[in-house]
Each structure stands twice: as structure tokens, then as C-alpha cells.
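Engineer: Got a structure for you, written out below as C-alpha cells; questions coming shortly.
In the working numbering, the protein residues as written are 12 to 740.
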């Protein structure tokens, strides 16, 4: 259809003039049936669409603004699950693109997406509701807060591939003192709505100029004015000092929008004609569910660390401490390599790695860039601020006593830190109103790099400095980094290797925090995909079960939503077989397909792979969340065939099960084979775990196509998943 919404007479809404709510209430509209169906599935009323388009008739977008919005919308993509049952991102028949067919619809989509970028959906919905009331809508025509939230959620994420997120962060960095760039609540919904209405009047020429005063929310208004409405902006401090001007705003031209940023150290201003947008309350700890927060824009990759940690990061890269910081990162990267290959060894520095593993769930070191020199190389590539620093670490020879060297790095970094914890270890202090801890910032950067190593990120997405601050706060709330390796060992001495990956923040939740800047999340522990704030994160195993472990456990992060049968959902959980999981011999090459159905939980769908074989009547379900837990718990570094089993050769295996195209199982008595050794292949395999109560190693080897190994792992917990390497035999 050429237009999502038209009057019965075929005409579109007028682009100018006063809003006539009485006439609107008596109007009749025509909709295409396909559009009505999509609205119904999205739980969005047609009345909400009509009222929204009427409201946004107050905005005027010039051709440059419209082109920027259309360019961003045209770049939206979608990805499908296995079997094309579930779609991630933005579908071809997106309501967002339908709305953008008109100028007022384009303004609606853009403003909703810009608000969702910096505010919680519920808060943004309240702003739209207040805006509607300001325009004089009768109470009977004002949509409910749920309807406004649905509209915001539909538009969320549609402008990530625009310059608006970076522009907002850039203006913030230019204007706001580093000491004030902390987590904060937003202003009131009514105040923000009034300011938006004033900007709309400037865009149409009803007002020649507007002045807005306040805190961080005013920076968002400045970015909206410049990027969306193409208005000339000037930002001043209360003292009158001009700190920012739009690039096209000449020295002798009066700005159309003047923003007066009121610093924490300045007195409130008093002007005769000025829209006051009160500053939100600052906070340090993570916000509780349902609490609004201002998340700002998005940082470029070459400035995310300084945007987030300010002078504290400057301390880390200062020449007095730079080498120790590089060594700290290098030693930890080497420890991850050792942990991946040999597991947790008691009584050594591996416990510093264990602390991070327990901080995150469903993540491991099997990814190519998650350990050793590869992690340092990826750090230089992903975070250019670290390039020169970590480049020096590669040339530093590892000391034989890693415990001592790492402890020395920690002591040196603490000596340069000014936080209460490092200055006075005998006194307990509240987290509020403290500077960042240098050592904990280093820990957070390492965790950030580890998360990035497990992520396949859409090129349009950039990190949020507020999100990285939230990750820091979560790490701080969990436990401060111990001052010595001995203290770390004491803290983690009771943790077993198998238990470590199942505690802490889930990797999907951590990813959404970093890229959305919001901690308004629910428990995602059992999810295989989640979508919030216009960002979708899911395990790639949803795209295909026959992926190697590194790919299957990658987290794909894209702008958009989760759609099943053209209905949006917030999560995908495992579909569970009521009869329970039963072990069955599916032969060498079973078949699989993805099953998806609606859950009894609101906003959730259930999915699992059904594994079956022609020779077995019963099918088995393998949930993606279950699979990720199993992979994280079982995966180990590659093993040379001459190394495993205490240096014994593969012929010492008591049993070898090789699923191939022609043979399903090798005999238990290996001596029956010619030469006495099974034909072990160079591939991913399952090895039986050493029994703790016996010195003997009841070695059992299983080799098969990878999805067959996944099925075997899900039925029993007695295997390591490893790559058998025959290259050095």
C-alpha cells in the first residue's frame, strides 16, 4: 500500500495549521487489510496511529532531515533462525517503514527512536502522552500509556545506523564536565514534552527562537534540534560562555535553539522566557527494574574508554603506570589461555581468571580472540585507545612467577588510585560519590574485551558509556578486586571448574547493558535470545545446529526485534519435552529441525531443535539455552593425541565410538581392531572425564558430526568437548 493511513476521501493529513481534534474524532479512515493485520499483531490500535500522525503534524522536516532518516531506515536488515521460523531485526513488512511513508509518520518514527536511544520505553511513552495532552487532545482521544510504549518499542533501534547516537555522545563529551558524566535519572516527562513542543514550533516557523535550560536532557534536546529538525544550535554555560555551536551556525547568525547547560556547581538561572528542564538525580548503583534513567548517546570505538572512565582511564595510560597496566592485561590474557587448556589449578593465579568466569554466565575461552595474544591483538583492533599500550606488552617476556608479577602490577596500580577502597583498606565505604577505582577499571576493561570476543556485532551498533559504567558497577557490587593473589585464591578456593560458568551475569544480559546503556532487564538466564531497547541479541546456534562450538556459542547483536509469525517477542526460551529427556541412539547422522511455539509467559516464545532418526520412533528435544550451558561447562582446549590419557596413545581407550557415514560404533574391545588402535580423526570429539576416585582413566572417545556430539552431551554430563589434534603425532 502506498500510504499507511489516509482519509476516506483519499487525502493525506494536512502538513500545517492548527490541530482540530473535534474534526479528527469525526473523521473516517481507510486502511489496507495487511496493515490492519500487522497493527493487530503488534497490539497497536489504529486510533493510536491516527492520533500520532496528527500530533507529529506539528513538526516540519526539511529534505536533508528526511534523507537522513530514510538512509537509516533503508539500512535495516533481518536475519532468520533455522527453517526461517523466527526473524531477528526488522522485517520486510515493518510497521516502521510503513509509518515513514509520510512526513509526519517519519517524524513520529524518528522521535520515538531517538527517545528510546536515551530513555526507557515507559518513560518515553509518558513523554508522548504529555505531548499529546499539551496539544489539547480530549481525554477520550489520548491513547493509553501501554499504547504509547508499544509505538516506541516498534520504532526502537531504527536509527542506530544514523549519526544521531554519536552526535549526542559527542556533544555530551564536549559540553558536560567529566566529573558530572555519571548515571542519572531523567527530567520530568511534562518538562521534556513542553520543550519538544517548543522545538516543533521552531521547526514550523511558529517560533523564531527558543531557549531551554537544564542538565543532560538539554543535551539530548540539542542533538534532536540539530540532527532531526536541522535547526542551528548554540550551547552555553550559565556564566554565558559558549561551548558548542552547530557547524553551520556562523559567528554573526543568531541560533534558533539556545541551550543553557546548568552545571552541578552553578546556581539555577532565572530568565523571563525560558523552558526549564530540571536536572535528574544522579545515582551510582544499577537502577531497579521499572526505574527510568538517562542513557545518552553512543561512543565511537576510539573514545569509549575515556568517555566512560575519564581521568581514571587517563591514569591507567599515564607513563607512570602504563607498563604495569599493559603487563596486567598481558598476564591475564596468558592465564586465560592456560585456563582454557588445563582448567582451574588450585594454588595459583588461575583464580583471578575464575573471578571473571564467575562474573559472566554462558561464555568461555574457546573463541579465537578470547585468550592469549589473540585477545591482546583484538583489544588493539576493537579499542584503539589500547593499541599503543598493549602493543608494548607483546614484546615483554613473561616472567616465570606469574603470581608475583601480577601481584606487583596490582600493588602498583593501587598506589596510583585515589578511591576510598585503595586509600583506606581498613574502612568500609559506600559506593556513592566515589571516584572510579583504577584497578577495578582495569578489570572492567578486561571483562569488556572478553565479552567482545564472544560477540558478532552489527556494524551500525556502538557501545554506550553509560552501559560500560553499569558493567563496572555490577563488577564493583559483586566484589572488589582483591589486593593480592592469595586473597583471590581464598575467595575462589571453594569454586569448582564445572560450577564457575553458571553464576553471575548472563552474557546476553551483559551485551544488552553495554550496547543499550540500560540495566532495566529481567533475568535472562534461560533465554537463547532477548530483545530490548531496539537491540536484539541471540546465540548463533539458533541459525543452525550444525555449527562448530565457537560459532554456535557466538552472540549475534543487531538492531531490531524478535518476530515470530509477524508478532514481536522479548525472549526465546527452551521448549521442554514434558516426558523429559531420554537417551536414545539416533545413529551417525540424525536429522534435526527447529520447533517454535508461543509460551504461556507473556512476550516469550519457546524453541528447541527436534532430533530424530528413521530407525528410532522417539524424538529428542535440544534447547539452545541448554546447549549453551553444556558447551560452556564441557569445552576444553585442543588436545594432542599423544597428550591425553596421561601420555598414552589412543589405543589405550577402553571404548571408542565413531559415528560416520558407514560405521556407527567401534567395538569396546579395541584389541579386535587391526593394529589395536581406533581410527581417531582430526576433529571435535568427546572425551570421558577422569574419575576422581580412581587413578585409572576409563577413556571413552566419541567422534561424530558436531550436532550429534551436542545431542550426546545433553544426555549426560561425563564428557569434555575438545578438539583432538593429530598434527604432531
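Backbone N, C-alpha and C define an ideal beta-carbon position, used for all residues, glycine too.
(1) Taking 8 angstroms as the cut-off, does the stretch 554–562 touch the stretch 159–174 (at least 3 CB pairs, one atom from each stretch)?
(2) Could you tell me whether the Cβ atoms of residue 399 and residue 344 are closer together than 8 angstroms?
(3) Use the C-beta contact count for residue 131: other C-beta atoms within 10 angstroms, 16 or more gives buried, fewer gives exposed.
(4) Just to confirm the assignment: which complete alpha helix (DSSP H) runs, minimum length 4, are found wholly within the stretch 40–118?
(5) How about residue 114 and residue 146: do their beta carbons lie closer than 8 angstroms?
(6) Under DSSP, the beta strand (DSSP E) around residue 248 begins and ends at which residues?
(7) Identify the continuous beta strand (DSSP E) that holds residue 575 and give its terminal residues.
(8) Taking DSSP's pairing of strands, which residues face residue 547 in a bridge?
(9) Under the three-state reduction of DSSP, which class applies to residue 433: helix, strand or coil?
(10) Return yes when the Cβ of residue 90 is within less than 8 angstroms of the Cβ of residue 101, no when it is not.
(11) So what's residue 131 in DSSP terms, helix, strand or just coil?
(12) Grouping DSSP H, G and I as helix and E and B as strand, with all else coil, what is residue 734?
(13) Extract the residue ranges of the alpha helix (DSSP H) inside the stretch 456–494, only unbroken runs of 4 or more that lie entirely within it.
(14) Report yes or no: do three or more beta-carbon pairs, one from the stretch 558–571 and one from the stretch 47–54, lie closer than 8 angstroms?
(15) Starting from residue 381, follow its DSSP beta bridges and name the residues at the other end.
(16) Please state whether the Cβ-Cβ distance between residue 310 and residue 188 is less than 8 angstroms.
(17) Fully enclosed by the stretch 181–236, which beta strand (DSSP E) runs are 3 residues long or longer?
(18) Between residue 623 and residue 423, what straight-line distance do the alpha-carbon atoms span, to the nearest angstrom?
(19) Classify residue 255 as helix, strand or coil using the three-state DSSP reduction.
(20) Taking residue 401 as the reference, which of 460, 537 and 376 has the closest Cα?
(21) Spatial neighbours of residue 184 within its chain, please: C-beta separation below 7 angstroms, excluding the five flanking residues on both sides.
(22) Can you look up residue 374 in the DSSP assignment and give me helix, strand or coil?
(23) Looking at the structure shown, is residue 630 part of a helix, part of a strand, or coil, going by DSSP?
(24) Excluding five sequence neighbours on each side, which residues of the same chain lie with their C-beta closer than 6 angstroms to the C-beta of residue 429?
(25) In chain order, what residues of the same chain lie with their CB nearer than 6 angstroms to the CB of residue 734, ignoring the 5 residues before and after it?
(26) Less than 8 angstroms separating the beta-carbons of residue 464 and residue 378?
(27) What residues are listed by DSSP as bridge partners for residue 578?
(28) Skipping 5 residues on each side, what residues in its chain have a beta carbon closer than 7 angstroms to that of residue 121?
(29) Going by alpha carbons, who is nearest to residue 149 out of 711, 33, 392 and 563?
(30) Starting from residue 166, trace the alpha helix (DSSP H) in both directions and tell me its first and last residue.
(31) According to DSSP, is residue 323 part of a helix, a strand, or is it coil?
(32) Could you check how far apart the C-beta atoms of residue 550 and residue 478 are, in whole angstroms? I think they sit under 8 angstroms.
(33) Residues in the same chain with beta-carbon distance under 7 angstroms from residue 152, minus the five sequence neighbours each way, listed in chain order, please.
(34) Assign residue 727 to one of two classes, buried (16 or more other C-beta atoms within 10 Å of its C-beta) or exposed (fewer than that).
(35) Under a Cβ-count criterion, where at least 16 other Cβ atoms within 10 Å of its own Cβ denotes burial, should residue 375 be classed as buried or exposed?
Structural biologist: Taking the geometry as given:
(1) Three or more Cβ pairs closer than 8 angstroms define a contact, and the stretch 159–174 falls short of that threshold against the stretch 554–562.
(2) For this step, residue 399 is matched to residue 388 along the chain shown. For this step, residue 344 is matched to residue 333 along the chain shown. Residue 344 sits away from residue 399, with the two beta carbons spaced by 8 angstroms or more.
(3) Against the chain shown, residue 131 aligns to sequence position 120. Residue 131 comes out buried.
(4) Listed in chain order, the complete alpha helix (DSSP H) runs (minimum 4 residues) inside the stretch 40–118 are 44–52, 57–66, 74–85 and 106–110.
(5) As a working note, residue 114 is residue 103 in the chain shown. As a working note, residue 146 is residue 135 in the chain shown. No, Cβ-Cβ distance for residue 114 and residue 146 is not below 8 angstroms.
(6) Counting from one through the chain shown, the residue named residue 248 turns up at place 237. Annotation: the continuous beta strand (DSSP E) that includes residue 248 extends over 244–248.
(7) The sequence position of residue 575 within the chain shown is 564, counting from 1. Segment 572–575, the beta strand (DSSP E) holding residue 575.
(8) By one-based count along the chain shown, residue 547 stands at place 536. Answer is 542 and 569, bridged to residue 547.
(9) Taking the chain shown and counting its residues from 1, one reaches residue 433 at position 422. Residue 433: helix per DSSP, three-state reduction.
(10) Numbered from 1 along the chain shown, position 90 holds the residue referred to as residue 101. Numbered from 1 along the chain shown, position 79 holds the residue referred to as residue 90. Result no, Cβ atoms of residue 101 and residue 90 do not sit closer than 8 angstroms.
(11) One-based indexing of the chain shown puts residue 131 at position 120. Coil, per DSSP.
(12) Indexing the chain shown from 1 puts residue 734 at position 723. Three-state DSSP puts residue 734 in a strand.
(13) The stretch 456–494 contains these whole alpha helix (DSSP H) runs: 476–489.
(14) Not touching, per the Cβ criterion.
(15) By 1-based counting over the chain shown, the position of residue 381 is 370. DSSP, once it has assigned bridges, lists no residue as partnering residue 381.
(16) Here residue 310 corresponds to residue number 299 of the chain shown, with the count starting at 1. Here residue 188 corresponds to residue number 177 of the chain shown, with the count starting at 1. The answer is no: Cβ separation not under 8 angstroms.
(17) Counting whole runs of 3 or more residues, the stretch 181–236 contains the beta strand (DSSP E) stretches 221–225.
(18) The residue given as residue 623 occupies position 612 in the chain shown. The residue given as residue 423 occupies position 412 in the chain shown. Going by the C-alpha atoms only, they are around 58 angstroms apart.
(19) The count along the chain shown starts at 1 and reaches residue 255 at position 244. Three-state result, residue 255: strand.
(20) Taking the chain shown and counting its residues from 1, the one referred to as residue 401 is at position 390. Ranking the options by Cα distance to residue 401, first place goes to 460.
(21) In the chain shown, the residue the question calls residue 184 occupies position 173. So the qualifying residues of the chain are 318.
(22) If you number the chain shown from 1, residue 374 lands on position 363. Three-state result, residue 374: coil.
(23) In the chain shown, residue 630 corresponds to position 619, counting from 1. The DSSP-derived three-state label of residue 630 is strand.
(24) To locate residue 429, count along the chain shown from 1; it is residue 418. Here the set comprises 446.
(25) Along the chain shown, one-based indexing puts residue 734 at 723. Within the same chain, residue 734 has close Cβ partners 649 and 695.
(26) For the purposes of this step, residue 464 is identified with residue 453 of the chain shown, where counting begins at 1. For the purposes of this step, residue 378 is identified with residue 367 of the chain shown, where counting begins at 1. Against a cut-off of 8 angstroms, the Cβ pair of residue 378 and residue 464 comes out as a contact.
(27) Taking the first residue of the chain shown as position 1, residue 578 is located at position 567. Paired residue(s): 575.
(28) Residue 121 sits at position 110 when you count from the first residue of the chain shown. Excluding five sequence positions before and after residue 121, the CB atoms of its chain that fall closer than 7 angstroms to its own CB belong to 80, 170 and 239, given in chain order.
(29) Here residue 149 is taken as the residue at index 138 of the chain shown, counted from 1. Here the closest residue by C-alpha is 33.
(30) Along the chain shown, one-based indexing puts residue 166 at 155. Run containing residue 166: 156–166, per the alpha helix (DSSP H) assignment.
(31) The count along the chain shown starts at 1 and reaches residue 323 at position 312. Helix at residue 323.
(32) By 1-based counting over the chain shown, the position of residue 550 is 539. By 1-based counting over the chain shown, the position of residue 478 is 467. Incorrect: roughly 20 angstroms between the Cβ atoms, too far for contact.
(33) Locating residue 152 in the chain shown gives position 141, counting from the first residue. 32, 36 and 62, listed in sequence order.
(34) Taking the chain shown and counting its residues from 1, the one referred to as residue 727 is at position 716. Taking every protein chain shown into account, the CB of residue 727 has fewer than 16 other CB atoms within 10 angstroms, so this residue is exposed.
(35) Position 364 of the chain shown, counting from 1, holds the residue named residue 375. That one is buried.
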